[in-house]
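First residue of the sequence shown? That's 17 in the numbering used here, and the numbers climb one at a time after it.
No residue lacks a Cβ here, since even glycine has one placed at the ideal position from N, Cα and C.
Model, not experiment: these values are computed from the prediction.
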Amino acid sequence: MPLYLDSFRNDHSNGYTPNSRIEGMESFANSLEKLFFAEATILNCTDRSLRTNLAIELNCNISLAEMLFHFNKGTWGSFKPSKTSFIKLINDLITKSGTQVDIEEFTFFLNDTAIVINKIYDNSIPEQLNDVIAAICKHYVHFSKGLTEIPYEIYVPVFEEKHHEENDILITNIETDNNTKKDYFKYWGLYFESEDDAVIYDLKSTTIENGDLFMLNH
Numbered sequence: 017m018p019l020y021l022d023s024f025r026n027d028h029s030n031g032y033t034p035n036s037r038i039e040g041m042e043s044f045a046n047s048l049e050k051l052f053f054a055e056a057t058i059l060n061c062t063d064r065s066l067r068t069n070l071a072i073e074l075n076c077n078i079s080l081a082e083m084l085f086h087f088n089k090g091t092w093g094s095f096k097p098s099k100t101s102f103i104k105l106i107n108d109l110i111t112k113s114g115t116q117v118d119i120e121e122f123t124f125f126l127n128d129t130a131i132v133i134n135k136i137y138d139n140s141i142p143e144q145l146n147d148v149i150a151a152i153c154k155h156y157v158h159f160s161k162g163l164t165e166i167p168y169e170i171y172v173p174v175f176e177e178k179h180h181e182e183n184d185i186l187i188t189n190i191e192t193d194n195n196t197k198k199d200y201f202k203y204w205g206l207y208f209e210s211e212d213d214a215v216i217y218d219l220k221s222t223t224i225e226n227g228d229l230f231m232l233n234h
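Laid out in structure tokens, this is it:
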């Protein structure tokens, strides 16, 4: 099932609510918009440990190729240590809000695709967002079928569909922080207009494969 722009807004059964009143959230959203040339929507919920989990949606009026061009030039996003770096924005939000904050899901809506990045361990997105985008740059030619077709949705990461018990173990690993950094760089899920179903991109072999996949937000 593809994820569309209004998925969280129209279905609050997952516990996320818009228009957060967390201290510092407005400043955080404004800073994100400047860093990523975007309009930001931030949804949040508080879990049983009183950690605030965010779902961030950035609507960027650029194509994937333009995004990667500006990322490589260092004019889009800011990931190196500085006063305006992405990590510093997160840390400032934690300080201002007085609560633990993590990102459950980070979505870029571009003119020609959507990139959906899911949390796989505590603070995995703040720690790995730069590396994930760098990997998208590296694999762009391969997952776009030699630049002939851009997927309209990219899910990072996905896992091979296994028996129900093994999928439960995967979810438990996420909840207990047992996944590793490498899990972002094994398999991604892609949706193409030319394909009836999602396909799997294998980063190791740089090939697109058919098969069942397990998406973390479904």
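key: Integer Cβ distance of SER79 from ASN127, believed to fall under 8 Å   = 5 Å
key: Of the residues GLU82, ILE58, ALA54, GLU121, the one placed nearest LEU145, counting alpha carbons only   = GLU121
message = Within 10 Å of its beta-carbon, does ASN134 have 16 or more other beta-carbons around it, so buried, or fewer, so exposed?
response = buried
query = How would you label GLU225, buried or exposed, when you count the other beta carbons within 10 angstroms and need 16 or more for buried?
reply = exposed
request  = Report yes if the C-beta distance between TYR168 and GLU209 is below 8 Å; otherwise report no.
outcome  = yes
request  = Let me know the secondary structure DSSP gives THR111 once reduced to three states.
outcome  = helix
key: Opening and closing residue of the beta strand (DSSP E) in which ALA71 lies   = 68-76
task = Provide the residue span of the beta strand (DSSP E) that contains ILE133, from first to last.
result = 130-134
key: Nearest residue (CA-CA) to GLU143, options HIS158, PHE124, ILE106, PHE175   = ILE106
Option nearest ILE103 by Cα separation, candidates ASN139, THR62, VAL148, THR223 = ASN139
key: Candidates ALA214, LYS161, PRO173, MET41: closest to ILE141 by CA position   = PRO173
task = Please classify THR91: is it buried, with 16 or more other beta-carbons within 10 angstroms of its beta-carbon, or exposed?
result = exposed
ask   = If you check the beta carbons only, do PHE87 and ALA151 fall under 8 Å apart?
value = no
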